[in-house]
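Student: Residues -31 to -1, 1 to 688, numbered by mature numbering (1 follows the signal peptide of the UniProt record, and there is no 0), are exactly what the sequence shown covers, in order. The beta carbon of each residue, even a glycine, is placed where N, CA and C say it ideally should be. Please read all numbers here as calculations on a predicted model, not as lab measurements. One structure follows; several queries about it will come next.
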Amino acid sequence: MSSSSGSGLRVIRKTTLLAALSAALLAPTMAVTPGEAAATPVLTEIRRQTLAVSITSITPEVPKSLTDVIKITGTVRNDTGTAMSGLQVRLRYSALPFTDRASMATYQADQNNATLPSSVSTRNSFQNLEPLDVGGTARWEITATPVQLGLRQFGVYPIAVDVAQWGVPLSAQRTFLTYAPPTTPRPPRNKLAVVLPVIDQPRRATDTDPDAPGKGPLFLDDKLSQAVTGRGRLADLLSIAQSAPSSVTWVVDPALLDDLSAMTKGYQVKTKDGKRSQPPSAAAGQWLTDMRTSLAASPVVALPYADPDVAALAHQGLDPQTRRAVELGGQKAQQLLSAKAKTNLNWPAAGVLDPDALDLLAVSGVNTVLLNSTNLPPQPPVPTTPDAAATLDSVNGPVTALVADPELSRLFEPAGPTSQALTRQRFIAETAMIAAEPGQTVPRSLVVAPSRRWNPNPALISSLLKTAGRLPWLQLTTLESLKPGKTSVPRAGLTYTDQNRKQELSGKYLDSVKESWSMAQLLSRVTTDGAPSSFDAAVLRLTSSAWRDSTRAGRAAAKMVGTAVTNTTNKIQIFGVGGPRTLAGSSGVVPISVKNGMGHPVALYIDVKSDNPELLQIKIVEETRTIGPGQSTTFQVTMNATPDTSGDATVTVQLKTPDGQPYGKPQRLTIRTTGYTGIALVIVGAALTVMLAAVVTRLLRRRSQRKLARTKTRESETV
């Protein structure tokens, strides 16, 4: 922009400002009328300037007597591009309390200065500011008492602080003030369970690298090494755990713990050019140790291993994966984090499920689910806050449903930068309003649950937990302690929309997972110790709900795992069946060899079937054999050909697990039969007859010759 253009804009800005100031002189200096909002276009122009007022503290947060001095502090920053004078910070309030939480939300969302509380106190509740330069910041402090603000009863009241220039409000900050004098009867002390998730997406492809077994597991990326250090997300979660009260319930994904544990022994990371070896991670080991210590006295809930998309698994017929994930999740959480970790509670993806998913969880040992409020709404709708606990019917009996309060949960995870002081004031106000709602005679249950893969602010969370612990109308408790009671309201049942269904892992994706799972289970069946396959956990990680939002990464992981499972399965092979075998005679023994190319012993047997039973019959003893690492064994198969026939017969050779499951692809072997068995017997018999006749003739001839010789001898003696 040219200098002349800039000068022109400055002239226009100054002219506009002077006009606004002239208009402002006609307005009262200590009160604002609703008509100010649309007084002149000049005011609109002024409001476009960035003059920000912020509240940094309110003490006490909850005044309890009429004479408590409420001190409110904050700052004003001038980003308008013009030095400003005639500024004044004012406290605005209403002596009428809010009647419900909906009106509180409406008040907070409103950014129109015309709807600010109209009362402005004239005693210590305003402060004139010195002229403020461009980019300058001024601190302010104003005070008031409940009696000055006209507060008379327990409740939540609207207050705001605005900055005005010559009496014209330019910017404002809204918040709430909860007044809690001793009252009879006292507000009920509602139970509040805070649930904090420790969930990530799977970072590991395979537990071991089939191409390099000695180099450790193969990771999809190395983001966990960053997450556990500095201001990483997992480091922040640890910071919260170290100061959180023992009543907080922690929901963890055991696959995350498993990944961190694997990093402590050295690992490989997938890169664009191949793989990169990483040394053992001391930071990962330290994080596990510190988290284990921090949660020693806290309730820990283990999600199914890798946090599977249970709804998708139920809809695609992958029921066994959920049961196995629950089992493995409990084992890993108890081994790596807390011996008291439980698996009877489930927090489904997005906090929503349908009856199919509920039934699958119920038969897998789950008797409590944590849900989003949209998944289990009150029916009919109620104007007050419903109790968090309800009961659902499943194929395995009643299941307790705990519904998280959406507004309280959002306060633990604000969408953007926010003031801790204002967040605390809102939390205090929300919980106080719940306690003050009409018709409440007994305490209710409330649940706070930020989103499952959140990025927490440790200072804010610690501050909110401390605040919750000292509010007289709240009682911090564990999630497990909440049970349906008399205060439960009727609910509409599980509400699962078409959009919820579209968000699930797709059937096409899960088909490949199902195939890898089947092969992995076969590997476990042929191991001699009966232990789960080394790919068991790897395939479960492919069912993670994290892949809902990372479909490309999920497909890449599925391809890597599928290839590794296939290559490992193929290390047990039938060999020596390439060319045809000739069966001499009516029967014979055909050797078939099996080689074990894996690094541990396996047990299996072969099943051989004739594809031409009218030509060739098979006799084999189904004997299970153990084959050592890198060794082979040979099965002797007896085959019988139909007499007086000839030709090629095909047999199918199939490896089988000890429990009779087919292993690998079947192999076909061609057996060539001669078909000359009967004719050969005739020929041999005739040959024997001729040979016997010749022998007899020879004997008779020799006898005649000897007789003739004796006769000649006697004749010569006579002469």
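(1) Just to confirm, is the Cβ distance from Leu339 to Val164 under 8 Å?
(2) Run through DSSP, which three-state label would Thr353 get?
(3) Can the beta-carbon of Trp516 be found less than 8 Å from the beta-carbon of Pro166?
(4) Our contact map puts Val482 next to Thr512 with C-beta atoms below 8 Å; I'd like the distance itself, whole angstroms only.
(5) Less than 8 Å between the CB atoms is what I'm expecting for Leu322 and Asn336, so what's the real figure, rounded?
(6) Contact criterion: CB-CB distance below 8 Å. Does Gly385 meet it with respect to chain D?
(7) If you count every other CB in all the chains shown that lies within 10 Å of the CB of Gly438, and 16 or more means buried, which is it?
(8) Let me check understanding here. Comparing Cα to Cα, which of Thr626, Pro150, Thr106, Val577 lies closest to Thr619?
(9) Measuring only the C-alpha atoms, how far is Met73 from Leu282?
(10) Is Asn93 helix, strand or coil when you go by DSSP?
(11) Given this structure, state the Cα-to-Cα distance separating Ala318 from Arg172, to the nearest angstrom.
(12) Distance check for Trp135 and Pro100, CA to CA, integer angstroms please.
(13) Alpha helix (DSSP H) containing Glu583: first to last residue?
(14) Report the residue ranges of all beta strand (DSSP E) runs contained in full by the stretch 321 to 381; include only those spanning at least 3 residues, in chain order.
(15) Looking only at its chain, what residues have a beta carbon closer than 7 Å to the beta carbon of Tyr148, apart from the 5 residues adjacent to it on each side?
(16) Closer than 7 Å by C-beta to Ile596: which residues in its own chain qualify, once you throw out the five before and the five after it? Chain order, please.
(17) Just reading off the alpha helix (DSSP H) that Met608 is part of, what are its end residues?
(18) Can you give me the C-alpha to C-alpha distance between Thr68 and Phe145, rounded to a whole angstrom?
(19) Taking just the CA atoms, how far does Gly545 sit from Gly633?
(20) For Arg46 and Gly104, what's the separation of their Cα atoms in angstroms?
(21) Please report how far the alpha carbon of Val495 lies from the alpha carbon of Ile397, in whole angstroms.
(22) Do the CB positions of Thr198 and Ala252 come within less than 8 Å of each other?
(23) Just the C-alpha distance for Glu627 and Leu573, rounded to the nearest angstrom, thanks.
(24) When you compare the stretch 459 to 476 with the stretch 426 to 436, are there three or more beta-carbon pairs, one atom per stretch, that lie closer than 8 Å?
(25) With DSSP as the reference, label Lys435 as helix, strand or coil.
(26) Leaving out five residues before and five after Ala649 in sequence, what residues of the same chain have Cβ atoms less than 7 Å from its Cβ?
(27) Which residue marks the beginning of the beta strand (DSSP E) containing Tyr62, and which one marks its end?
(28) Please report the straight-line C-alpha distance between Val372 and Thr456, rounded to a whole angstrom.
(29) Would Lys588 and Thr607 qualify as a contact pair, given that the criterion is a beta-carbon distance under 8 Å?
(30) In the DSSP assignment, find the alpha helix (DSSP H) that holds Thr520 and state where it starts and stops.
(31) Need the endpoints of the alpha helix (DSSP H) that Asn469 sits in, please.
(32) Does DSSP classify Trp109 as helix, strand or coil?
(33) Please confirm whether Leu161 and Leu445 have their CB atoms less than 8 Å apart.
(34) Count Cβ pairs between the stretch 354 to 369 and the stretch 401 to 420 that sit closer than 8 Å; are there 3 or more?
(35) According to DSSP, simplified to helix, strand and coil, what is Ser72?
(36) If contacts are defined as beta-carbon pairs under 8 Å, then residue 732 and Thr447 qualify, I think. What distance do you get, rounded to the angstrom?
Tutor: Checking against the coordinates, here is how it stands:
(1) Counting from 1 along the sequence shown, the entry for residue 339 is found at position 370. Counting from 1 along the sequence shown, the entry for residue 164 is found at position 195. Cβ atoms of Leu339 and Val164: closer than 8 Å.
(2) In the sequence shown, residue 353 corresponds to position 384, counting from 1. Coil, per DSSP.
(3) Along the sequence shown, one-based indexing puts residue 516 at 547. Along the sequence shown, one-based indexing puts residue 166 at 197. No. Outside cutoff.
(4) Within the sequence shown, numbered from 1, the residue matching residue 482 stands at position 513. Within the sequence shown, numbered from 1, the residue matching residue 512 stands at position 543. That belief holds up - the Cβ atoms of Val482 and Thr512 are roughly 6 Å apart, short of 8 Å.
(5) Translated into positions along the sequence shown, residue 322 becomes position 353. Translated into positions along the sequence shown, residue 336 becomes position 367. Going by Cβ atoms, the distance from Leu322 to Asn336 rounds to 14 Å, so no, they are not a contact pair.
(6) Protein chains in the displayed structure number just one, and chain D is not present.
(7) The residue you call residue 438 lines up with position 469 of the sequence shown. Exposed.
(8) Taking the sequence shown and counting its residues from 1, the one referred to as residue 619 is at position 650. Closest by alpha carbon: Val577.
(9) The sequence position of residue 73 within the sequence shown is 104, counting from 1. The sequence position of residue 282 within the sequence shown is 313, counting from 1. If I take the Cα positions, the gap works out to 41 Å.
(10) In the sequence shown, counting from the first residue as 1, residue 93 sits at position 124. If DSSP states are grouped into helix, strand and coil, Asn93 belongs with coil.
(11) In the sequence shown, the residue the question calls residue 318 occupies position 349. In the sequence shown, the residue the question calls residue 172 occupies position 203. Going from the Cα of Ala318 to the Cα of Arg172 covers about 18 Å.
(12) Indexing the sequence shown from 1 puts residue 100 at position 131. Indexing the sequence shown from 1 puts residue 135 at position 166. One C-alpha to the other measures close to 12 Å.
(13) One-based indexing of the sequence shown puts residue 583 at position 614. First-last for Glu583: undefined, no H or E at that position.
(14) 337 to 340, 358 to 363, 366 to 372
(15) Locating residue 148 in the sequence shown gives position 179, where the first residue counts as 1. Closer than 7 Å at the Cβ level, and outside the excluded window around Tyr148, lie Pro32, Pro115, Leu120, Phe123, Gly124, Tyr126.
(16) Position 627 of the sequence shown holds residue 596. Closer than 7 Å at Cβ, skipping near neighbours: Val563, Asn565, Pro570, Val571, Thr602.
(17) Walking along the sequence shown from the start, residue 608 turns up at place 639. In the DSSP assignment, Met608 falls outside any alpha helix (DSSP H) and lies within the beta strand (DSSP E) extending over 601 to 610.
(18) The residue you call residue 68 lines up with position 99 of the sequence shown. The residue you call residue 145 lines up with position 176 of the sequence shown. Taking the straight line from one Cα to the other gives about 13 Å.
(19) Start at 1 with the first residue of the sequence shown, and residue 633 comes out as number 664. Start at 1 with the first residue of the sequence shown, and residue 545 comes out as number 576. The alpha-carbon atoms of Gly633 and Gly545 are separated by roughly 16 Å.
(20) As a position in the sequence shown, residue 46 is number 77, starting the count at 1. As a position in the sequence shown, residue 104 is number 135, starting the count at 1. When rounded, the distance between both Cα atoms is 7 Å.
(21) Position 526 of the sequence shown holds residue 495. Position 428 of the sequence shown holds residue 397. Computed Cα separation, rounded: 60 Å.
(22) To locate residue 198, count along the sequence shown from 1; it is residue 229. To locate residue 252, count along the sequence shown from 1; it is residue 283. Yes, the pair counts as a contact, with Cβ atoms nearer than the cut-off.
(23) Residue numbering aside, residue 627 sits at position 658 when the sequence shown is read from its first letter. Residue numbering aside, residue 573 sits at position 604 when the sequence shown is read from its first letter. In the sequence as displayed, the identity of residue 627 is Pro instead of Glu. Looking at the two C-alpha atoms, the distance is approximately 5 Å.
(24) no
(25) Position 466 of the sequence shown, counted from the start, is the residue given in the question as residue 435. DSSP places Lys435 in helix when its eight states are reduced to three.
(26) Along the sequence shown, read from residue 1 onward, the residue named residue 649 stands at position 680. Reliability fails at Ala649, whose pLDDT of 46 lies under 50, so the model's placement of it is uncertain and the value that follows must be treated cautiously. Excluding sequence neighbours, Ala649 sits near nothing in its chain.
(27) What you label residue 62 is simply residue 93 of the sequence shown in a count that begins at 1. Here the beta strand (DSSP E) through Tyr62 covers 56 to 62.
(28) Here the question's residue 372 lines up with position 403 in the sequence shown. Here the question's residue 456 lines up with position 487 in the sequence shown. Rounded to the nearest angstrom, the two C-alpha atoms are 14 Å apart.
(29) Translated into the one-based positions of the sequence shown, residue 588 becomes position 619. Translated into the one-based positions of the sequence shown, residue 607 becomes position 638. Contact flag set, yes.
(30) Taking the sequence shown and counting its residues from 1, the one referred to as residue 520 is at position 551. Counting along the chain, the alpha helix (DSSP H) containing Thr520 begins and ends at 520 to 538.
(31) The residue you call residue 469 lines up with position 500 of the sequence shown. Taken as a continuous stretch (DSSP letters only), the alpha helix (DSSP H) holding Asn469 covers 467 to 471.
(32) Position 140 of the sequence shown holds residue 109. DSSP places Trp109 in strand when its eight states are reduced to three.
(33) To locate residue 161, count along the sequence shown from 1; it is residue 192. To locate residue 445, count along the sequence shown from 1; it is residue 476. The Cβ atoms of Leu161 and Leu445 lie closer than 8 Å to each other.
(34) yes
(35) Numbered from its first residue, the sequence shown carries residue 72 at position 103. Of the three classes helix, strand and coil, the one that applies to Ser72 here is helix, per DSSP.
(36) Summary: the structure shown does not reach residue 732, with the chain confined to residues -31 through 688, and so no result is reported for it.
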